[in-house]
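Residue numbers (our numbering), protein chains in the order written: chain A, 1038 to 1322; chain B, 47 to 121.
Down below is the structure, laid out as structure tokens.
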Amino acid sequence: MTATRIQISRRTARWDDAAVHVGDAMDFWSFAAGAANVVMQMSRPGVGHGVAESRVESGSLMKHPWKRARTTFQYLAVAVFGDEGDRAAYREAVNGAHRHVQSGPSSPVRYNAFDRDLQMWVAACLFVGLEDTYQLLRGEMTPDQAEQFYRSARPLGTTLQVTDDQWPATRAEFDRYWDDACTQVAVDDVVRAYLLDLINLRMINPLLGLPFRPLLTFLTTGFLAPVFRDALGLTWGPVRQHLFERLFLIVAFANRFLPGFIRQGGTHLLLADVRMRVRRQRRLV
Amino acid sequence: MVGVLRKVFAYEMTIAEWIGLAILVNIPHVLLGLLWTATHPDHLAGAHGLEKAAALVGGVAFWPVLWVAAVACPT
């Protein structure tokens, strides 16, 4: 567990014991963990090569970074806040793109975007990312809250092809799944080069990207558990860990003073955009 | 339309969020106040110590009144 999840020694205090929901993790600060989540997902060879070799150019992170960012965050918005109709529409759109993603004769690993195990891994990464950011912003959950939060996160996977019984039933079972799944983490040179390009923001205008590069590298490395950090060859140490925890203590404090429509307004706008696209029969992804 | 209004009126915020919102909506006012004070040195002229601090705060907080007063009744 210590190698597969980030360890935080000092967290913000909890301010209330109200019911928790995965949607509470969708405050805009959580996007700071976005690149780290892509790294985690792609650390599984089937996902890593599936994305890096993908011929679906319209969904390429390197060629259309802003569009890819929109569609990825819209998936999260639909899974977390959407209703059954939104989920069905988005599933169909993603399936359309995923149909083209399967390994060819020259691929070093076999993969297929409809592989339920790979999708379960991606959903698990999303859950881990949201649980980590939630606890950094709102404090540690009690075991009961963690269970409730976990159960509310099921649509992260079931919105696509992950089945209900595939999603581990309890939070403790999820830990076992996660530790076991992390043994399959392996990053080769192709995927590593792709991920380093992402962290170094090589896909966006350098004028915009360069100033953010040190910050994104810091945040991304901080949100990565040792198993992913080591696979990618990123360096980290106690001083940076201390800075990371301090930074989130400050962010968490400021975040308590932000009204929900500011913290989560972006996500709800993305969901409204999905609904508008469905109404006007425009492309979702 | 009524539905939207009802939703807006039923929206709940914590006290901390109200405080944060108050700070956020006042940022433009404070920035303009600083700008007004910086461009009107006569407002602080002749004031010293505590009086100067009070004039500074007054300038930042009440710049619209001071500005209207300056326009409406030029001295």
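Where a beta carbon is used, it is the ideal one built from N, C-alpha and C, also for glycine.
Note that the coordinates shown come from a computational prediction; the quantities given were computed from them, not determined experimentally.
Q: Please determine, among A:F1298, A:H1101, A:Q1198 and A:P1192, the residue with the shortest C-alpha to C-alpha distance to A:R1136.
A: Nearest option by C-alpha distance: A:Q1198.
Q) Pairing CB atoms from the stretch 1308-1320 of chain A with CB atoms from the stretch 1107-1118 of chain A, are three or more of them under 8 Å? A) The stretch 1308-1320 of chain A, when compared against the stretch 1107-1118 of chain A, does touch it at the 8 Å Cβ threshold.
Q) In its own chain, which residues sit with a C-beta less than 8 Å from the C-beta of A:W1215, not counting the 5 before and 5 after it? A) Same-chain partners within the cutoff: T1041, R1042, A1161 and V1165.
Q.
When you compare the CB positions of A:V996 and A:H1086, do they come within less than 9 Å of one another, or not?
A. This structure cannot speak to residue 996 of chain A, because chain A is shown only from 1038 to 1322.
(Q) I need the boundaries of the alpha helix (DSSP H) containing A:T1108, first residue and last residue. (A) Annotation: the continuous alpha helix (DSSP H) that includes A:T1108 extends over P1102 to F1118.
Q) Rounded to whole angstroms, how far is the Cβ of A:R1128 from the Cβ of A:T1196, which I believe are closer than 8 Å? A) Confirmed, Cβ separation roughly 6 Å.
Q. Looking at C-alpha atoms only, which residue of A:L1193, A:V1224 and A:A1050 is the closest neighbour of A:G1176?
A. Between A:G1176 and the set A:L1193, A:V1224 and A:A1050, the nearest pair of CA atoms involves A:A1050.
**Q.** DSSP state of B:N72 mapped onto helix, strand, coil
**A.** Three-state DSSP puts B:N72 in a helix.
Q: Kindly list, in the order they appear in chain B, the residues whose Cβ is closer than 7 Å to that of A:P1296.
A: Per Cβ cutoff of 7 Å: M59, E63, G66 and L67.
(Q) I need the DSSP call for A:N1149, collapsed to helix, strand or coil. (A) In the three-state DSSP reduction, A:N1149 falls in the strand class (E or B).
Q. Which residue's Cα is closest to the Cα of A:L1151: A:W1052, A:T1257 and A:V1084?
A. Reading off the sequence, residue 1151 of chain A comes out as Phe, not Leu. The option with the nearest alpha carbon to A:F1151 is A:V1084.
Q. Taking 9 Å as the CB-CB limit, is A:I1241 close to chain B?
A. Among the residues facing chain B, A:I1241 is not included, as its CB has no counterpart in that chain under 9 Å away.
Q. Taking Cβ-Cβ distances below 7 Å as the criterion, which residues of the stretch 1269-1296 of chain A are in contact with chain B?
A. Flagged, chain order: R1293, F1294, L1295 and P1296.
Q: Could you have a look at A:Q1172 and say whether DSSP puts it in helix, strand or coil?
A: If DSSP states are grouped into helix, strand and coil, A:Q1172 belongs with the helices.
Q.
Just to check my reading of the structure: A:E1231 and A:A1089 have Cβ atoms closer than 8 Å, yes? What is that Cβ distance to the nearest angstrom?
A. One detail in the question is off: residue 1231 of chain A reads as Tyr in this sequence, not Glu. Between A:Y1231 and A:A1089, the beta carbon gap of about 5 Å places them in contact (Cβ cut-off 8 Å).
(Q) Is the beta carbon of A:D1225 closer than 9 Å to that of A:P1142? (A) In this structure, A:D1225 does not lie closer than 9 Å to A:P1142 by Cβ.
Q.
For A:A1218, tell me which candidate among A:S1080, A:A1125 and A:A1056 has the shortest Cα-Cα distance.
A. Of A:S1080, A:A1125 and A:A1056, the residue nearest in Cα terms is A:S1080.
Q. Which of helix, strand or coil does DSSP assign to A:Q1301?
A. Reduced to three states, the DSSP call for A:Q1301 is coil.
Q | CB of A:A1291 within 9 Å of CB of B:G66, strictly | A | Cβ distance < 9 Å, so A:A1291 and B:G66 count as in contact.
**Q.** A:F1285 versus A:T1257 - alpha carbon distance
**A.** Their Cα atoms are separated by approximately 13 Å.
Q. Cα separation between A:G1259 and A:F1065?
A. Spanning the two alpha carbons is a distance of roughly 17 Å.
Q) Can a CB atom of chain A be found closer than 9 Å to the CB of B:L70? A) Cβ-Cβ to chain A under 9 Å: yes for B:L70.
Q | Residue environment, A:N1074, which counts as buried when at least 16 other CB atoms sit within 10 Å | A | Residue environment analysis places A:N1074 among the buried positions, since at least 16 neighbouring C-beta atoms fall within 10 angstroms of its C-beta.
Q) With distances taken from CA atoms, which of A:L1235, A:R1208 and A:W1158 is nearest A:T1200? A) Ranked by Cα distance from A:T1200, the options A:L1235, A:R1208 and A:W1158 are led by A:W1158.
Q. Roughly how many angstroms separate the alpha carbons of A:A1070 and A:D1234, rounded to a whole number?
A. So the alpha carbons of these two residues sit roughly 16 Å apart.
Q. How many Å lie between A:F1031 and B:A93 at the Cα?
A. Only positions 1038 to 1322 of chain A appear in the structure, and residue 1031 of chain A is not among them; the question remains open.
Q: Take A:F1068 as the anchor and find which of A:L1244, A:M1178, A:L1253 and A:D1202 has the nearest alpha-carbon.
A: The shortest Cα separation from A:F1068 among A:L1244, A:M1178, A:L1253 and A:D1202 belongs to A:L1253.
**Q.** the stretch 79-91 of chain B touching the stretch 1312-1321 of chain A, judged by at least three CB pairs closer than 8 Å
**A.** No: fewer than three Cβ pairs fall under 8 Å.
(Q) Checking the sheet assignment: what are the DSSP bridge partners for A:Q1139? (A) Paired residues: A:N1149.
Q) Where A:T1304 and A:Q1185 are concerned, what is the direct C-alpha to C-alpha distance, given to the nearest angstrom? A) Cα-Cα distance, rounded: 22 Å.
Q. Skipping 5 residues on each side, what residues in its chain have a beta carbon closer than 8 Å to that of A:K1104?
A. S1095 and G1096, listed in sequence order.
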